[in-house]
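Residue numbers (my numbering), protein chains in the order written: chain A, 186 to 323; chain B, 111 to 516. Every residue gets a Cβ at the ideal spot worked out from N, C-alpha and C, and that includes glycine.
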């Protein structure tokens with residue numbers, strides 16, 4: 186496997202489970218058991234009611250593009266050979282947003298706001314899997 | 111008029127050249143800028159006892175600048191931050207002077223924004239490793255979300271979608287600011303551009319072309335703030351601080367927990383405070399400085415602060431309103447797009463010079479406030495310049511502002 190040059194996550198007690206689920210190709214996000222808020226990125230307490238009893242809920246893995254940037258210039262290691270690439274916010278069917286990469290083949294401008302996307306899991310390194318998204322039919 | 115009116119004023123402004131590269135330390139540049147601002151005011155650095163600055167871990171402490179200039183300080187604090195910090199530190203100065211913590215204040219920014227740490231964290235010598243500093247950054251940098259342009263591009267894309275604005279309208283901001291820079295001997299980019307030039311410029315991070323994006327320069331700049339009574343003995347016509355906001359935040363600064371309208375930016379939350387404190391309305395403002403790290407950041411700020419109706423900022427900038435001879439010129443210096451990049455302080459400095467009627471152009475009598483208003487001969491003075499609004503931008507979720515009058 187080629188050396189992975191991009192940054193990798195540094196899991197902490199708040200985020201460790203997210204990465205463990207991702208490694209087993211599951212997209213799970215924390216939900217507050219008190220007020221039911223689903224949120225991302227993970228943290229140790231609910232940003233709305235501050236409750237710290239959280240459950241990890243499996244997402245359907247589908248959503249739509251909320252907005253995005255198409256990056257043509259990035260000199261950072263790992264990204265510079267990958268331009269143009271897209272990152273953006275995806276609004277999941279469960280009504281929570283994630284910043285992620287949106288994968289495409291060919292013309293990046295085919296990816297538009299409102300496009301339907303689905304999660305794919307990128308096994309970046311033996312330790313780290315990143316949830317990303319790609320266009321889906323329909 | 112509001113409660114602050116006439117109590118405090120900006121008495122001096124100064125800066126180094128915009129350099130690419132400076133081959134100087136941020137310390138050396140900071141000393142020069144503070145000294146120049148003091149000379150402009152007609153006050154000795156030794157007679158100033160407060161110093162503040164802002165940086166993103168790329169600069170020099172105010173205490174060391176103060177030492178080099180022989181200052182015996184009663185207040186010295188450096189804050190973390192880039193854009194929107196200048197207006198926030200003006201608010202600090204007002205509070206500190208009101209409380210009696212010091213008797214006057216100099217604010218500076220010094221940065222090798224081209225040859226040192228560049229926006230997005232890369233050095234000119236090559237990429238530097240990405241070091242996650244928080245959970246939030248950790249989750250973004252993984253996906254190549256590294257620079258301000260990439261970030262603000264998402265707001266711009268959604269704005270275009272929600273309003274249906276013709277994206278080419280952003281070009282009018284680049285064109286107007288470049289025209290202004292052509293009248294500014296200090297500006298780095300002075301050759302006028304056309305819409306064709308704009309549309310032909312390359313994508314960096316769509317929706318932004320290279321001409322949507324600010325310059326990177328090595329520079330330091332400073333402003334001196336004194337209570338009204340001290341200004342009587344100084345050199346320049348005082349420019350009074352009427353009111354402002356200091357890092358007003360939109361709800362949920364990290365925005366992805368609950369924010370749904372990404373382009374409902376912090377200025378929307380600061381607008382009423384700014385005009386309420388200042389005791390004036392948008393109609394009273396003769397010129398604006400709107401933080402132009404990108405064309406879009408100017409566009410959305412003009413809308414957020416109520417100069418254009420929601421969804422109509424594109425029409426506002428395309429109408430000629432922001433031109434130096436328009437109804438309400440924006441960034442007559444050329445701003446960050448064309449003069450040079452200072453994380454905001456230089457746009458406040460330009461407004462001060464405009465309000466003094468002493469824009470430093472090529473008019474022979476500019477230092478006495480005599481201008482030809484002939485753009486073909488290089489005059490940069492705005493014709494009617496009594497009250498100016500400075501609209502500082504940190505991110506979509508952070509904004510500071512102030513209103514100044516002559």
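The beta carbon of residue 289 of chain A does not come within 9 angstroms of any beta carbon belonging to chain B, so the residue lies off that interface.
Within chain B, 264 and 267 have C-beta atoms less than 7 angstroms from the C-beta of residue 253 of chain A, given in sequence order.
For the pair residue 447 of chain B and residue 195 of chain A, the Cα-to-Cα distance works out to about 36 angstroms. Within its own chain, the residues whose Cβ lies closer than 6 angstroms to the Cβ of residue 283 of chain B, once the five positions on either side in sequence are excluded, are 405, 408 and 427, listed in chain order. Residues of chain A whose Cβ lies closer than 9 angstroms to the Cβ of residue 271 of chain B are, in chain order, 252, 297, 298 and 299. In the three-state DSSP reduction, residue 222 of chain B falls in the strand class (E or B).
Inter-residue distance for residue 180 of chain B and residue 293 of chain B is about 36 angstroms (C-alpha atoms, whole angstroms). Across the stretch 375-387 of chain B, no CB contact with chain A closer than 8 angstroms is found for any residue. A residue is called buried once 16 or more other Cβ atoms fall within 10 Å of its Cβ, and residue 278 of chain B, having fewer, is exposed. With contacts defined as CB atoms closer than 9 angstroms, residue 324 of chain B and residue 402 of chain B qualify as a contacting pair. The C-beta of residue 421 of chain B has fewer than 16 other C-beta atoms within 10 Å across all chains shown, which makes the residue exposed. Taking a 10 Å sphere around the C-beta of residue 342 of chain B, we find fewer than 16 other C-beta atoms and assign the residue as exposed. Residue environment: residue 176 of chain B is assigned as buried (16 or more neighbouring CB atoms within 10 Å of its CB, all protein chains considered).
Chain-order list of chain B residues neighbouring residue 221 of chain A: empty, with the shortest C-beta distance near 13 angstroms, by a criterion of under 7 angstroms. Collapsing the DSSP output to three states places residue 316 of chain A in a strand. Between residue 258 of chain A and chain B, the shortest Cβ-Cβ separation is below 9 angstroms. Note on the stretch 115-201 of chain B: whole alpha helix (DSSP H) runs with a minimum of 4 residues are 136-151 and 172-178, in chain order. For residue 189 of chain A, no chain B residue has a C-beta closer than 9 angstroms to its own C-beta; the minimum C-beta separation is roughly 11 angstroms. One thing to note: residue 466 of chain B has its Cβ no nearer than 9 angstroms to the Cβ of residue 151 of chain B. For residue 457 of chain B, the enclosing alpha helix (DSSP H) begins and ends at 455-465. Assignment of beta strand (DSSP E) within the stretch 286-356 of chain B, counting only whole runs of 3 or more residues, yields 313-316 and 328-337 in chain order.
Using beta-carbon distances, residue 248 of chain A does not count as an interface residue toward chain B, since no partner is under 9 angstroms. At a beta-carbon threshold of 7 angstroms, the residues of chain B lying near residue 285 of chain A are 253, ordered along the chain.
When Cβ-Cβ separations below 9 angstroms define contact, residue 311 of chain A makes no contact with chain B. Annotated three-state conformation of residue 298 of chain A is coil, per DSSP. Assignment of beta-bridge partners to residue 282 of chain A by DSSP yields A:276. The stretch 266-273 of chain A makes no contact with the stretch 232-247 of chain A, as fewer than three CB pairs between them are under 8 angstroms.
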